[in-house]
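Listed in order, the protein sequences are those of chains B and V. Just so you know, the first sequence maps onto residues 7 to 417 in our numbering. Just so you know, the second sequence maps onto residues 7 to 417 in our numbering. Scroll down for the structure; my scribbles are underneath it.
Number of protein chains: 2
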Amino acid sequence: MPVNYATPAPEALHPVAGVRLGVTEAGIRKADRRDLTLVELAPGSRVAGVFTRNRFCAAPVLLCRQHLETGEIRALVVNTGIANAGTGEEGLQGARRTCAAVARLMDIRAEQVLPFSTGVIMEPLPVDRIEAGLPRCLTALAADGWHAAAHAIMTTDTVAKAASRRIEAGGRTVSVTGIAKGAGMIKPNMATMLGFVATDALVNPLLLKRLVREVADESFNCVTVDGDTSTNDSFVLVATGKSGAAFDNESSPGWEGFRDAVVGVARELAQAIVRDGEGATKFIEVAVEGGRTKEECKAVGYAVAHSPLVKTAFFASDPNLGRILGAIGNAGLGDLDVARVRLWLGSGGEEILVAEKGGRSPAYREADGARVMKPAEIRVRIDLGRGSARGQVWTCDFSYDYVKINADYRS
Amino acid sequence: MPVNYATPAPEALHPVAGVRLGVTEAGIRKADRRDLTLVELAPGSRVAGVFTRNRFCAAPVLLCRQHLETGEIRALVVNTGIANAGTGEEGLQGARRTCAAVARLMDIRAEQVLPFSTGVIMEPLPVDRIEAGLPRCLTALAADGWHAAAHAIMTTDTVAKAASRRIEAGGRTVSVTGIAKGAGMIKPNMATMLGFVATDALVNPLLLKRLVREVADESFNCVTVDGDTSTNDSFVLVATGKSGAAFDNESSPGWEGFRDAVVGVARELAQAIVRDGEGATKFIEVAVEGGRTKEECKAVGYAVAHSPLVKTAFFASDPNLGRILGAIGNAGLGDLDVARVRLWLGSGGEEILVAEKGGRSPAYREADGARVMKPAEIRVRIDLGRGSARGQVWTCDFSYDYVKINADYRS
């Protein structure tokens, strides 16, 4: 059960002019489930992406990086069930064959296809089944295929994740719609977080490249711990230009509103991944302020969000706040003056100062801590007291079910 | 239930001439349990220690560092139940009062006492109860008090941890005996790993200082993940000199054998902590070779040993080896050539090559992987294929009980 999240209704996902999506049951790993998705992009679409930094990155990630260099992307193909990671040279060939199959069907070049895979690592990709399924995806292509695609890219996700916004920019209506998958938090389970966001605005290619990084930094990179990027993590941003709205640079009229819409969609997707985190019963924001740099704020946020002791305490609704102090002390800030650190815990409209001057706040009462720990959404606020930078991380708690899901998976 | 570990019998713990230990029930946090330990060291004893790098380090750690600078240590005092961490200025005063109380009783200076605390963070230390209990510890002081002390420093440990060796050096019999506590692995629960090892050899002070670091590096620093050192972690090495054997430098006769004995005792204690890890059902060695430096080998070992996905797979006896590859790829070795990495899995006398050339080894059969994953002791061997350095890390699996212990703790 995700924490305060439900998939938007199909009609809430605005079509993006120039994007059509089609899904099918290709039988990649399990029968009777939609597991193959084809996304067709109109000619002239611009695409930018950010990918995992894991050295054992998956074959499709290697191809995505190559194909983004070479030219105009016209299709995305996504399979679930098999990650095609840890598959060596054979895996690369499988990803290439997949792109070639899409290219043949759509009469484009293989380099114009971006492949994505998610699922079990170290198992071979059943390319024959993908080839057999692709014609059905092609037949199914539709502008309102977002909802179906959000379902077809799931692995252990318990809900499909999608978000959509519509804004006015330069007298035009611009749509931004996205889908994502991923249900892990400490490490995305099945080793994959995938995010796809498209808009029908026209965006200068260099600007789009910068935007995808900034958006990732403010959304998906706030939910996965940096060191734990998986073998297949991918986030792709598509701009078809079909709405007529155009952004050439950051001074273009309407840019701020457009950027906010893209960030908003990506954040909604990123937070949905946490809300659907494996075994999650709580959604936790760790907001860090008073740092020298944004990076150190995020490092502290990650240290707290990543600590199994902190996460199990949240699961138990136990205000064991010393564990949070311990995590802050472990964030690698060698010159941190702990006497200046302040720590609040909040939920609903309430916020309680729990620690200051290196220890428990004199006014703090455990009953207050216990009360704010109860709700399903909790905010940890940390003031490092050494600067004016900020950063935040979203995470979930750590429950019996996390172990169950990850110990039982594959069996 | 610890994995293949039982506390040695009292008579297996050799007394160390010049060291006496006494314990009592001081009622620090719970009734009817021995929770206060006093260790008396003969005049002339030399002491060196290594301590947590956590910025929120506990008050006793701050005092230990100060007191080790100033002079000849004559006593250690250890309480369980309360960690005296995250307690600010009041905590420091509590630790100082504890040292002063020991000093009064033993007619020494407060600076000659090293204090240690373990237990809940952010709770005040009940110094009155410690002061009231100390005279009983003094009365109980005995050379054969090691077994009782090993029990009295426990927190969530399910077994007391102790180790002892006796060797010949320079015609003298030298004893090395130690105790430790800690039952966490990802992070020591109750925020503490404590280790105390004593010998009746005489060791040059500078040599002892170097030795304690080297020994920690080959024992306790192989079981806790570096970034996760807790607020109270302490490891202290005492050399009383009472056996008559003396080591002035690394060329002194018998040094190698003596060093091996100290490392051996510390390793046994460190491994006992993992074997008694919270919820542990398996003991796992991650041995990394073929690295450019020992540090990068350990970084890879930690990345594997720290991955919740790897740990839950071990709990499930599931040869989900892609998770290990994923963890290796996340170890921060930006220029790692994954095509040169080889991965073996072993147990008993058997070892199986499971991955090479960036993917699954052609000869690997899942039935073989499942077989070597079954036993309670498993060895992961990784060849990075880029040098001749080595390093290893010991860890345990990640079970339902880990969550249970950490979610229920304090309640």
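Note that the Cβ used here is the ideal one computed from N, Cα and C, for glycine as well. Source: prediction; values computed, not measured.
Is residue i near residue j, with beta carbons less than 7 Å apart?
i, j, result
"Arg40 (chain B)", "Val29 (chain B)", "yes"
"Cys228 (chain B)", "Val399 (chain B)", "yes"
"Ala107 (chain V)", "Ala64 (chain V)", "no"
"Arg346 (chain B)", "Gly297 (chain B)", "no"
"Arg61 (chain B)", "Val344 (chain V)", "yes"
"Gly33 (chain B)", "Arg115 (chain B)", "no"
"Thr76 (chain B)", "Glu117 (chain B)", "yes"
"Gly100 (chain B)", "Leu131 (chain B)", "yes"
"Pro8 (chain B)", "Asp282 (chain B)", "yes"
"Val360 (chain V)", "Tyr370 (chain V)", "yes"
"Val409 (chain V)", "Val409 (chain B)", "yes"
"Val268 (chain B)", "Ile388 (chain B)", "no"
"Lys363 (chain V)", "Gly94 (chain B)", "yes"
"Trp152 (chain B)", "Leu19 (chain B)", "yes"
"Leu42 (chain B)", "Gly139 (chain B)", "yes"
So which of the options has the shortest CA-CA distance to residue i?
i, options, result
"Leu339 (chain B)", "B:Ala361, B:Phe320 and B:Ala305", "B:Ala305"
"Leu214 (chain V)", "V:Thr246, V:Asp239 and V:Met199", "V:Thr246"
"Lys380 (chain B)", "B:Phe320, B:Gly33 and B:Ala361", "B:Phe320"
"Ala156 (chain B)", "B:Gly184, B:Arg171, B:Val180 and B:Ala148", "B:Gly184"
"Phe122 (chain V)", "V:Pro66, V:Gly77 and V:Thr145", "V:Pro66"
"Thr205 (chain V)", "V:Ala23, V:Arg35 and V:Ala168", "V:Ala23"
"Val182 (chain B)", "B:Ala158, B:Val209 and B:Gly188", "B:Val209"
"Ile5 (chain B)", "B:Asp163, B:Gly354 and B:Ala207", "Nothing about residue 5 (chain B) can be reported from this structure: the residues present for chain B run from 7 to 417 only."
"Ser313 (chain V)", "V:Val269, V:Gly352 and V:Cys402", "V:Cys402"
"Leu82 (chain V)", "V:Arg219, V:Arg59, V:Glu96 and V:Ser51", "V:Ser51"
"Val133 (chain B)", "B:Arg110, B:Trp350 and B:Asn85", "B:Asn85"
"Val221 (chain V)", "V:Val378, V:Gly177 and V:Glu274", "V:Glu274"
"Val292 (chain V)", "V:Gly352, V:Glu356 and V:Arg216", "V:Gly352"
"Val3 (chain V)", "V:Asp374, V:Ala252, V:Pro49 and V:Arg59", "The first residue shown for chain V is 7 and the last is 417, placing residue 3 (chain V) beyond what the model contains."
"Ser249 (chain V)", "V:Thr299, V:Thr179 and V:Glu78", "V:Thr179"
When we look at the beta-carbon of residue i and count the other beta-carbons within 10 Å, is it buried (16 or more) or exposed?
i, result
"Arg80 (chain B)", "buried"
"Ala337 (chain V)", "buried"
"Leu342 (chain B)", "buried"
"Met160 (chain B)", "buried"
"Pro211 (chain V)", "exposed"
"Glu256 (chain B)", "exposed"
"Ala325 (chain B)", "One point to set straight first is that residue 325 (chain B) is Pro, not Ala, in the sequence displayed. Label assigned to Pro325 (chain B): buried."
"Lys36 (chain B)", "exposed"
"Thr419 (chain B)", "This structure leaves residue 419 (chain B) out entirely; chain B is present only between 7 and 417."
"Glu302 (chain V)", "buried"
"Gly97 (chain V)", "buried"
"Ser394 (chain V)", "exposed"
"Gly397 (chain V)", "buried"
"Gly260 (chain V)", "buried"
"Thr58 (chain B)", "buried"
"Gly335 (chain V)", "buried"
Going by beta carbon distance, what residues of the same chain come within less than 7 Å of residue i, once the five residues before and after it are set aside?
i, result
"Phe226 (chain V)", "Met199, Gly201, Phe241, Ala272 and Ala276"
"Glu137 (chain B)", "Ala107"
"Ala197 (chain V)", "Confidence is the limiting factor: at Ala197 (chain V) the pLDDT is only 47, short of 50, which leaves the residue's position unreliable and the question unanswerable from this model."
"Ala166 (chain B)", "Thr13, Ala156, His157 and Met160"
"Gly263 (chain V)", "Ile173 and Ala175"
"Leu111 (chain V)", "Leu140, Pro141 and Leu144"
"Tyr11 (chain B)", "Val165, Ala278, Arg281 and Asp282"
Excluding the 5 residues flanking residue i on each side, which residues of the same chain have their C-beta closer than 6 Å to its C-beta?
i, result
"Ala154 (chain B)", "Val29"
"Leu243 (chain B)", "Ala54, Val203 and Val218"
"Val45 (chain V)", "Leu27 and Leu82"
"Val231 (chain B)", "At Val231 (chain B), the pLDDT of 40 sits below 50, so the modelled position is not reliable; the number obtained from the coordinates is stated separately. Around Val231 (chain B): Tyr308 and His312."
"Ala149 (chain V)", "Pro21 and Arg26"
"Asp407 (chain B)", "Gly285"
"Gly87 (chain B)", "Ile34, Arg35, Asp41 and Gly125"
Once you ignore the five residues that flank residue i on each side, which residues in its own chain have a CB closer than 8 Å to its CB?
i, result
"Phe404 (chain B)", "Ile192, Gly285, Pro314, Lys317, Thr318, Phe320 and Phe321"
Open item on the list: Closer than 8 Å between beta carbons: that is the criterion. Which residues of the segment 62 to 92 of chain B meet it against chain V?
Closed with: Phe62, Cys63, Ala89, Ala91 and Gly92
Open item on the list: Output needed in chain order: residues of the segment 313 to 335 of chain B with a Cβ under 8 Å from some Cβ in chain V.
Closed with: Against chain V - using a Cβ distance shorter than 8 Å - the residues of the segment 313 to 335 of chain B are Ser313, Pro314, Leu315, Thr318, Ala319, Phe321, Ala322, Asp324, Asn326, Leu327, Gly328, Arg329, Leu331, Gly332, Ile334 and Gly335.
TODO: Report the residues of the segment 384 to 406 of chain V with a CB closer than 7 Å to any CB of chain B, ordered along the chain.
DONE: Here the close residues are Phe404, Ser405 and Tyr406.
TODO: Please name the residues in the segment 342 to 359 of chain B whose beta-carbon is closer than 7 Å to at least one beta-carbon of chain V, in chain order.
DONE: Going along the segment 342 to 359 of chain B in chain order, one finds Leu342 and Val344 with a Cβ nearer than 7 Å to chain V.
- [ ] Taking a Cβ distance cut-off of 8 Å, strictly less, list which residues of the segment 91 to 113 of chain B are near chain V, in chain order.
- [x] Listed by position along the chain: Ala91, Gly92, Thr93, Gly94, Glu95, Glu96 and Gly97.
Open item on the list: Using a Cβ-Cβ cutoff of 9 Å, what residues of the segment 113 to 137 of chain B are near chain V? List them in chain order.
Closed with: Val126, Ile127, Met128, Glu129 and Pro130
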